[in-house]
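A.B. asks: For the protein sequence lines, the chains are H and F, in the order given.
Under this note's numbering, residues 1 to 221 are what the first sequence spells out, in order.
Under this note's numbering, residues 1001 to 1221 are what the second sequence spells out, in order.
2 protein chains.
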Amino acid sequence: MPVGLNSHEIQKLGDVVSHKRKIPRGGYLHHTGTKFQSLFAIRSGFLKTCVLEQDGRQQVTGFHMTGELLGLDAISSEIHTCDAVALEDSEVCEIPFAKLEEISLTIPSLMHHFHKIMSREIVRDHGVMLLLGSMKAEERLATFLLNLSRRFSIRGYSEYSFNLRMTREEIGSYLGLKLETVSRAFSKLQDENIITVDNKHIQINDMNRLKLKMGNSSCVT
Amino acid sequence: MPVGLNSHEIQKLGDVVSHKRKIPRGGYLHHTGTKFQSLFAIRSGFLKTCVLEQDGRQQVTGFHMTGELLGLDAISSEIHTCDAVALEDSEVCEIPFAKLEEISLTIPSLMHHFHKIMSREIVRDHGVMLLLGSMKAEERLATFLLNLSRRFSIRGYSEYSFNLRMTREEIGSYLGLKLETVSRAFSKLQDENIITVDNKHIQINDMNRLKLKMGNSSCVT
DNA sequence: ACGTGTGATTGATCTTAATCAATGCTTCTT
DNA sequence: AAGAAGCATTGATTAAGATCAATCACACGT
């Protein structure tokens, strides 16, 4: 949590987040319906979160990487409302929520920062709602790739070349599409030389045209 | 905000939320892009929030009624990320956010309650994502009606009979459907005697069958 | 190395919802 | 009260994506 804290405050925070946990690829960080006690800060790795309906329907609600915070949804009812699954070997810091609230009473800037993080999650969700509610398949995929690209870039990796950690089916679930549609959209973008797809490896050849794809469906046929 | 507060604490909170604002039908509580300073608690009325893309695309992200809190999305960047528009004459309490954070340092239960509210918004958004990502038109509308019904019920109104405040187009935007599709879905539910539709007035005739509609699309043809 | 299973691609067809279009009903304005 | 504007319904057609199906590529375990 990169906030403007002095060393004493960082010390306090460090006392709270001491416990680390490793999750192997495919392992669960938490299950839907289990008791919530801690938030989890991702130190390394890549996870997905997904909600499930009683009728077996499933929806991936997010893909999460280093530095992001998981478990915010569970604060309201103290029960996890989603599964969190590692898509590659991952490591998280456990942050007991009661303790976080406790020390945030003494570090106003920490509390404020926490509020911003929660708010950012709400903004992100609204963005996904816009995507799911009003975009075509290809626009959704372009938006998704650009989002990943930006997040890799922020973390010091290439924005033009990266490996997907998730399957086509998981991408489809996140984007509200079937896996075949995702696959076709990949192929289409490749045919247009906007990206190069080699299984899980993605190379962005023309960032600008990819950005155009996100915005307007009507300009290209 | 119904929390376990003592009278002294309620007094403190009252000092913060003193300012009230009336918004006439069609009026804006806030616009996208304007500076964020306050949250708004709805005292009465009915509002929608919607995000807009640069290309004019628009998505209703929520309908909000008495007791709900607006503006949470704006905490992260201190800029409103959506419009809030009154769908009927409404009244809100303005809650300067800086002051709320300040007093929540001295009232831990208030801070905790606020965290729960933010978390609940995240859970709600995940539910909408599930709806947009995996439900058919009729299921979406059934889910929507049941959600409204429950919220009216909680506020002491009939869960079986109520008036919609929004147009078919707004419902469609929220549900990721075109207005014609919404209209057809209404007609279909009416044909099956599950609801009675008279323009904006909705009567639920068979709550159980409506709930079935929400879950499984495959059971009825 | 070989067989197996999972994940990905591509094609053909079908379903759903979008689009285009016409009409009717309310509500607001003057 | 009459007209206009906005909102809603319904029908016909089209388009997007789902579904069904076949094949391929690759990773994994034995």
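Cβ atoms here follow ideal geometry from the backbone N, Cα and C, with glycine treated the same way.
1. Does DSSP put K1200/F in a helix, a strand or coil?
2. Which residue or residues does DSSP assign as beta-bridge partners of G67/H?
3. Please classify L105/H: does DSSP put it in a helix, a strand, or coil?
4. On the DSSP letters alone, give me the boundaries of the alpha helix (DSSP H) that A142/H sits inside.
5. To the nearest angstrom, how far is the alpha carbon of E102/H from that of L1189/F?
6. Name the chain F residues whose beta carbon is nearer than 9 Å to that of P108/H?
7. By Cβ distance below 7 Å, which residues in the same chain neighbour S38/H in space, the five residues on each side in sequence not counted?
8. Can you confirm whether V1123/F, when its beta carbon is compared against all beta carbons of chain H, has any partner nearer than 8 Å?
9. Is the shortest distance between the beta-carbon of G1033/F and the beta-carbons of chain H less than 8 Å?
10. Nearest-angstrom Cα distance between E121/H and T1196/F?
11. Tell me F1040/F's beta-bridge partners as DSSP assigns them.
12. What is the rounded straight-line gap between the Cα of I1204/F and the Cα of L1164/F?
13. Can you pull the chain H neighbours of C1082/F, defined as C-beta to C-beta under 8 Å?
14. Which residues, in chain order, does the region 125 to 159 of chain H contribute to contact with chain F at a C-beta distance below 7 Å?
15. Pull up the DSSP beta-bridge partners for K1048/F, would you.
16. Taking C-alpha atoms, which residue in L1013/F, F1046/F, F1036/F and D1073/F lies nearest to P1024/F?
17. Going by alpha carbons, who is nearest to L1177/F out of M65/H, E180/H and L132/H?
18. Pairs of beta-carbons, one from the region 24 to 36 of chain H and one from the region 82 to 90 of chain H, closer than 8 Å: are there three or more?
19. Does the distance from the C-beta atom of T1066/F to that of R1209/F stay below 8 Å?
20. Sort S161/H, M214/H, I171/H and V182/H by Cα distance to F63/H and report the nearest one.
21. If you measure between the beta carbons of S1044/F and E1091/F, is that distance less than 8 Å?
22. According to DSSP, which residues form a beta bridge with N1163/F?
23. Answer with buried or exposed for Q59/H, where buried requires no fewer than 16 other C-beta atoms within 10 angstroms of its C-beta.
24. Return the first residue and the last residue of the beta strand (DSSP E) that R25/H is part of.
25. Using beta-carbon positions only, say whether D125/H and H1201/F come within less than 8 Å of one another.
C.D. replies: Straight from the coordinates:
1. coil
2. G67/H is not bridged to any residue.
3. coil
4. A137 to I154
5. 50 Å
6. E1101, E1102 and L1105
7. G71, E94, I95, P96 and F97
8. yes
9. no
10. 38 Å
11. L1070/F and E1094/F
12. 13 Å
13. H126
14. D125, H126, V128, M129, L130, L132, G133 and S134
15. F1063/F and V1085/F
16. F1046/F
17. L132/H
18. yes
19. no
20. I171/H
21. yes
22. H1201/F
23. buried
24. R25/H -> no beta strand (DSSP E), and no H or E assigned at all.
25. In this structure, D125/H keeps its C-beta atom at 8 Å or more from the C-beta atom of H1201/F.
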